[in-house]
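Peer 1: Numbering (my numbering), first residue to last: 244 to 472.
We put the beta carbon where it would ideally sit given N, CA and C, even for glycine.
Every value quoted in this text rests on a predicted model; they were computed, and no experiment measured them.
Got a structure for you, written out below as structure tokens; questions coming shortly.
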Amino acid sequence: MRRNRAVTVAVAAIATGATGAALASTAEPAAAAAYHDAAYGISATGASPIGATPAVSSTDGQVRTNSGSARSSDGTVSISSATVRAGGGQASAQVNGFSALGGLVRASSVSATCTGGTAAASVSGTPAGPVGKKATVAYRVSSRNADGSTTVIGMQVTVHAGAGSPAGVINVGSATCGPTGSKPQPTPTRRVPQPPTGHPTGGRPLPPSGGLPAAPAPRPNAGHVPVTG
Numbered sequence: 244m245r246r247n248r249a250v251t252v253a254v255a256a257i258a259t260g261a262t263g264a265a266l267a268s269t270a271e272p273a274a275a276a277a278y279h280d281a282a283y284g285i286s287a288t289g290a291s292p293i294g295a296t297p298a299v300s301s302t303d304g305q306v307r308t309n310s311g312s313a314r315s316s317d318g319t320v321s322i323s324s325a326t327v328r329a330g331g332g333q334a335s336a337q338v339n340g341f342s343a344l345g346g347l348v349r350a351s352s353v354s355a356t357c358t359g360g361t362a363a364a365s366v367s368g369t370p371a372g373p374v375g376k377k378a379t380v381a382y383r384v385s386s387r388n389a390d391g392s393t394t395v396i397g398m399q400v401t402v403h404a405g406a407g408s409p410a411g412v413i414n415v416g417s418a419t420c421g422p423t424g425s426k427p428q429p430t431p432t433r434r435v436p437q438p439p440t441g442h443p444t445g446g447r448p449l450p451p452s453g454g455l456p457a458a459p460a461p462r463p464n465a466g467h468v469p470v471t472g
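Structure, rendered in structure tokens:
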């Protein structure tokens with residue numbers, strides 16, 4: 244009975260250890276937050292194109308800034324100065340002295356800001372709405388991007404196509420940012436239990452794979468001689 248009890252305890256200890264290994268799990272460290280922050284002063288398409296200038300972007304959380312002025316090759320679209328900033332889930336653009344269509348559309352100041360996915364803008368210039376038959380002005384044009392970030396354009400001028408003149412779009416003061424604090428969740432990883440090696444925790448050897456050992460054959464007691472015949 245004692246031997247059977249000892250073997251049972253040993254097997255229970257092994258089963259408990261195996262179960263613990265099977266249930267144990269680890270979580271991979273949370274990946275660093277991905278940033279999609281960017282800003283630029285002006286960009287234009289159509290008859291008077293301008294590449295995004297000045298421009299800045301940050302995908303590692305570091306804050307970066309840039310500044311400068313811009314003018315189309317024909318001189319009909321320009322800004323006198325712009326300062327842009329992006330990083331750490333925030334972006335902003337401050338533009339001064341915007342002029343387009345030979346001065347038909349103007350803005351002394353255009354600002355666009357984005358913080359944690361929330362956008363804002365302010366404009367001091369030509370009112371929003373149609374500008375004759377040549378263009379349409381819009382304020383605070385925002386959009387959601389495929390990566391989850393938000394882009395806001397402080398002032399957008401849509402130039403209508405004319406005789407021999409293609410349509411175009413002028414964006415003044417653009418800021419892009421994503422929501423902060425949205426880190427990927429850790430993925431649990433289940434450990435595969437390993438077969439036990441050596442002795443169990445109790446220090447007793449494992450029983451043979453065939454089950455409990457057979458009981459030894461009885462031996463005659465030296466003080467009692469069996470009676471025969």
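In whole angstroms, what separates the C-alpha of Ser386 from that of Gly359?
Peer 2: Each residue's alpha carbon lies about 14 Å from the other.
Peer 1: Would Pro370 be called buried (16 or more neighbouring beta carbons within 10 Å of its own) or exposed?
Peer 2: Label assigned to Pro370: exposed.
Peer 1: Hey, quick one: how far does the beta strand (DSSP E) through Ala362 stretch, first residue to last?
Peer 2: From DSSP, the beta strand (DSSP E) with Ala362 extends over Thr361 to Gly368.
Peer 1: Quick check on the DSSP output: the beta strand (DSSP E) that includes Asn388 runs from which residue to which?
Peer 2: Asn388 -> no beta strand (DSSP E), and no H or E assigned at all.
Peer 1: Looking at the unbroken beta strand (DSSP E) that takes in Thr296, where does it start and where does it end?
Peer 2: Residues Ile293 to Ser301.
Peer 1: For Cys420 versus Ala287, is the C-beta distance shorter than 7 Å?
Peer 2: Going by C-beta atoms, Cys420 is not nearer than 7 Å to Ala287.
Peer 1: Tell me the rounded alpha-carbon separation between Met398 and Gln305.
Peer 2: Distance between the alpha carbons of Met398 and Gln305 is about 27 Å.
Peer 1: Indicate the three-state DSSP secondary structure (helix, strand or coil) for Ala418 in the structure shown.
Peer 2: Three-state result, Ala418: strand.
Peer 1: Give me the residue from Ser301, Thr308, Thr302 and Ser342 with the minimum Cα distance to Val415.
Peer 2: Closest by alpha carbon: Ser342.
Peer 1: What three-state label does DSSP hand Thr288 in the structure shown?
Peer 2: Three-state result, Thr288: coil.
Peer 1: CB-CB under 7 Å to Ala378, same chain, minus the five flanking residues each way: which ones, in chain order?
Peer 2: Same-chain partners within the cutoff: Leu344, Val348, Val400, Thr401, Val402 and His403.
Peer 1: Give me the Cα-Cα distance between Asn339 and Ala277, rounded to the nearest whole angstrom.
Peer 2: Distance between the alpha carbons of Asn339 and Ala277: 31 Å.
Peer 1: So, under 8 Å CB-CB, Pro297 and Gly318 are touching, yes? Tell me the CB distance rounded to an integer number of Å.
Peer 2: Contact flag wrong, Cβ pair sits at about 19 Å.
Peer 1: Work out the CA separation of Ser323 and Arg314 for me, nearest whole Å.
Peer 2: Going from the Cα of Arg314 to the Cα of Ser323 covers about 8 Å.
Peer 1: Do Ala295 and Ala336 have their beta-carbon atoms positioned less than 7 Å apart in this structure?
Peer 2: No, Cβ-Cβ distance for Ala336 and Ala295 is not below 7 Å.
Peer 1: Can you tell me the Cα-Cα spacing of Ile396 and Ser316, whole angstroms?
Peer 2: One C-alpha to the other measures close to 23 Å.
Peer 1: Below 6 Å CB to CB, which residues in the same chain sit around Gly260 once its five sequence neighbours on both sides are set aside?
Peer 2: Unreliable placement is indicated for Gly260, whose pLDDT of 49 sits below 50; the coordinate value is still reported in the next sentence. Around Gly260: no qualifying Cβ.
Peer 1: Over what stretch of residues does the beta strand (DSSP E) that includes Gly311 continue unbroken?
Peer 2: Note, Gly311: beta strand (DSSP E), Arg307 to Arg314.
Peer 1: State the DSSP-derived secondary structure class of Ala282, mapped to helix, strand or coil.
Peer 2: Looking at Ala282 - three-state DSSP - the assignment turns out to be strand.
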